[in-house]
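Reviewing the structure listed below.
2 protein chains.
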Amino acid sequence: MSFLKKIFVKSRSQEDGFFFNEIEIILGFKPINLDCYRKAFTHRSLNKLDKNGKPISYERLEFLGDAMLSSVIAAHLFNKVPSGDEGYLTKMRSKIVSREHLNELGRDLNLIRFVESKVPTQHFGENIHGNIFEALVGAIYLDQGYPQCEKFIQKRVIEPYVDIARLEGKVISYKSLLIEWCQKEKRTFHYDVFEDNAITGERLFGVKLSIDEKVIAKARATSKKKAEEKASQRAYFAFQEKINTK
Amino acid sequence: MSFLKKIFVKSRSQEDGFFFNEIEIILGFKPINLDCYRKAFTHRSLNKLDKNGKPISYERLEFLGDAMLSSVIAAHLFNKVPSGDEGYLTKMRSKIVSREHLNELGRDLNLIRFVESKVPTQHFGENIHGNIFEALVGAIYLDQGYPQCEKFIQKRVIEPYVDIARLEGKVISYKSLLIEWCQKEKRTFHYDVFEDNAITGERLFGVKLSIDEKVIAKARATSKKKAEEKASQRAYFAFQEKINTK
């Protein structure tokens with residue numbers, strides 16, 4: 001093996017190692033076929049081809065991921081809301097898998113850092129975040145099958161974001177709910193910005209919420225207000241049983 | 001146990017036995033929870049309620065089945081057509097899960113015979129066939145989970161009906177293809193109507209296709225021409241390898 005080849009192999013495997021570790025953190029399990037995930041972040045502007053000469057990009061995986069998200073969310077709503085009729089279930093699912101919501105999911109995981117493209121990523125529109133989130137779900141299905149894909153959606157979409165009361169418009173602000181609860185329970189609380197990131201071309205705020213000087217929840221969003229609301233929602237769910245039983 | 005109760009229990013279990021057997025033939029496996037399947041054929045006009053007072057009808061299961069069909073077909077197309085881009089895959093899936101196609105699937109299995117309703121079933125529109133087919137798929141998911149549901153869709157939708165060449169408009173008539181092949185191979189063939197059923201309010205033709213005096217395929221449809229085409233398509237797939245290798 002030539003010297004140059006050795007360097008190349010080493011740097012490629014270092015790069016793979018980095019990607020593997022980062023992806024593993026997001027997935028919560030070890031990926032088997034790393035190529036599926038690489039594909040999920042490959043933009044068509046690279047004009048990459050596979051060994052059969054077929055173009056590689058995340059767009060086909062996006063189609064697959066969209067289908068998996070729809071069916072997992074459908075089954076979740078079906079079980080969770082036994083009184084909801086077909087129209088209700090359809091409406092709730094549309095809200096959950098809305099473009100805006102998927103963009104938020106992708107942005108929160110900062111998936112854009114993995115995208116390989118000829119076009120600088122800041123030139124992409126807002127939908128890139130949701131599109132690569134869908135592609136990532138498609139890659140998980142390909143790599144691991146339906147049950148693991150379902151678990152991932154459960155952990156990354158349903159648990160942190162799917163809040164039926166909120167979707168039905170019954171809860172307007174989790175921040176208000178939380179402040180009310182803290183005052184009633186005589187707890188101290190404060191929100192702190194721990195991240196204010198303008199490097200990638202758009203501003204991203206990280207906010208943490210502490211109650212009685214203990215960090216209860218963290219969240220990132222494109223405004224301080226949004227991040228506070230999201231952190232409050234997370235804290236609310238962590239405390240939900242406590243709140244409900246008092 | 002009173003005499004009346006005994007009669008009731010017996011007739012209910014006879015009825016269950018009949019339903020169980022018929023459903024098992026369609027499913028290709030033994031159902032576990034028969035109630036899921038009963039629900040798939042319960043029309044809301046009956047105003048049935050479950051033990052929690054929630055209305056029972058097939059409509060919620062239809063939502064669930066639709067989602068499962070979409071994701072199984074998406075994965076099938078993804079794997080089967082590696083060169084198809086996102087737009088192509090979306091278009092092909094729409095064709096497969098079109099209302100018209102789902103109605104055909106439900107009609108072919110004659111699912112309407114199981115429907116319990118206050119309204120006579122012949123008063124329903126054409127879409128009842130597709131709707132209860134979707135509900136049946138939803139019931140399978142509930143009763144058996146995703147992998148069995150996937151197998152059923154593979155067997156009842158993909159194998160007999162999903163023909164990418166036809167969907168792409170590359171094949172216009174399987175009857176012509178088949179006749180051409182028979183003439184080339186010097187085989188005798190004939191189509192015979194074995195069923196002409198006008199009892200349920202709409203006419204349904206059953207046609208069998210024999211090649212060299214052996215029945216090769218059967219099909220039912222709303223016209224003789226359609227049933228012949230469908231039987232030809234089935235025969236074509238049965239013979240496909242033979243045709244392709246000659």
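Which chain is which? The protein sequence lines are A and B, in order. Residues 1 to 246 (UniProt numbering) are what the first sequence spells out, left to right. Residues 1 to 246 (UniProt numbering) are what the second sequence spells out, left to right. Think of the CB as a built atom: it goes at the ideal place given N, C-alpha and C, for glycine as much as any other residue. Bear in mind that the values here come from a model prediction, so they are computed numbers and not experimental data.
Between Arg107/B and His129/B, the C-beta spacing is below 7 Å. In this structure, the beta-carbon distance from Tyr191/B to Leu177/B does not fall below 7 Å.
By the neighbour-count criterion, in which a residue is buried when 16 or more other Cβ atoms sit within 10 angstroms of its Cβ, Lys186/B is exposed. If the five residues before and after Ile211/A are omitted, its C-beta is found closer than 6 Å to the C-beta atoms of Arg187 and Phe189, all from its own chain and listed in chain order. Taking a Cβ-Cβ threshold of 7 Å, the residues of chain B close to Asp85/A are Glu59 and Arg60, in chain order.
Only those residues of the stretch 90-105 of chain B whose C-beta falls short of 7 Å from the nearest C-beta of chain A are listed: Thr90. Note that the C-beta distance between Glu24/A and Lys30/A is below 7 Å.
Distance from the CA of Met92/B to the CA of Glu100/B, rounded to the nearest whole angstrom, comes to 14 Å. Contact annotation: Asp66/A and Glu134/A have beta-carbon atoms nearer than 7 Å. Distance from the CA of Gly206/A to the CA of Glu228/A, rounded to the nearest whole angstrom, comes to 9 Å.
Against chain A, the CB of Ala67/B has a partner CB under 7 Å away; the residue lies at that interface.
For Lys208/A, the enclosing beta strand (DSSP E) covers residues Leu204 to Ile211. Secondary structure of Leu49/B (DSSP, three-state): strand. Assignment of Thr121/B by DSSP, reduced to helix, strand and coil, places it in the helix class. The stretch 49-95 of chain A is shown to contain whole alpha helix (DSSP H) runs of 4 or more residues at 59-80, in chain order.
Looking at the DSSP output, Arg220/B bridges to Gly206/B.
Looking at the backbone, the Cα of Ile96/A and that of Ile132/A are separated by about 16 Å.
Ser223/A and Leu27/A have their C-alpha atoms some 26 Å from each other. Residue nearest to His76/A within the set Ile73/B, Leu142/B, Val81/B and Glu126/B is Leu142/B (criterion: CA-CA distance).
Beta-bridge partners assigned by DSSP to Tyr191/B: Leu209/B. Residue burial is scored here from C-beta neighbours: Ser13/A has fewer than 16 other C-beta atoms within 10 angstroms and is therefore classed as exposed. In the DSSP assignment, Glu134/B falls within the alpha helix (DSSP H) that extends over Ile128 to Gln144. With fewer than 16 other beta carbons inside 10 angstroms of its own, Val215/B counts as exposed. Per DSSP, Gly106/B is one residue of the alpha helix (DSSP H) stretching across Arg99 to Asp108. Under a 10 Å Cβ-count criterion, His43/B is classified as buried, with 16 or more other Cβ atoms of the shown protein chains found around its own Cβ.
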